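Visitor:
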Amino acid sequence: MIRRIVKMTFEPAACAQFQEVFEQSKAKIRAFPGCRFLELWRCKSPDNIFMTYSHWDSEEALEAYRHSTLFKTTWAKTKPLFSDRPEAWSLDLESSTKQAQDDDITG
-6 MIRRIVKMTF EPAACAQFQE VFEQSKAKIR AFPGCRFLEL WRCKSPDNIF MTYSHWDSEE
54 ALEAYRHSTL FKTTWAKTKP LFSDRPEAWS LDLESSTKQA QDDDITG
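Okay, here's the thing in structure tokens:
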């Protein structure tokens, strides 16, 4: 499983519009094959920076989403609202962290 973080900086006046786009899309993204989790985070300061945090079964599942009509239509609505180039990271959970989480759950 991979974790994905996407940082997006918006024009301050466009934040509400982005939040509407996310609200309209989040259930569909969460239901996309391979997506296990999706959250939207907002920076406290400056508050025009948002991040999505998601879990995907595999790189292939994420790539299938990124080539889907759902992604393309959502991105087409989101992209014009940016004030800076988005940044994205795909991450693996380190095994030592997995063990600590398992201990917390069972402990």
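The C-terminal position of the sequence shown is numbered 100 in our numbering, with every residue numbered one higher than the one before it.
Backbone N, C-alpha and C define an ideal beta-carbon position, used for all residues, glycine too.
Only a predicted model underlies this, so the values are computations on that prediction, with no experimental measurement involved.
1. Tell me, which residues are paired with R35 by DSSP?
2. Determine contact between the region 64 to 81 and the region -6 to 5, defined as no fewer than three beta-carbon pairs at a distance below 8 Å.
3. To the nearest angstrom, how far is the alpha carbon of E53 from that of L63?
4. Count the CB pairs spanning the region 4 to 22 and the region 61 to 76 that are closer than 8 Å, and state whether there are at least three.
5. Do you know how far the Cα of F11 is from the Cα of T71?
6. In angstroms with no decimal places, state the Cα-to-Cα distance between T66 and R23.
Guide: From the atom records:
1. DSSP lists F43 as partners of R35.
2. Contact between the region 64 to 81 and the region -6 to 5 is present, because at least three Cβ pairs lie under 8 Å.
3. Going by the C-alpha atoms only, they are around 16 Å apart.
4. Proximity of the region 4 to 22 to the region 61 to 76 meets the contact definition, three or more beta-carbon pairs being nearer than 8 Å.
5. So the two alpha carbons sit approximately 6 Å from each other.
6. C-alpha separation (whole angstroms): 16 Å.
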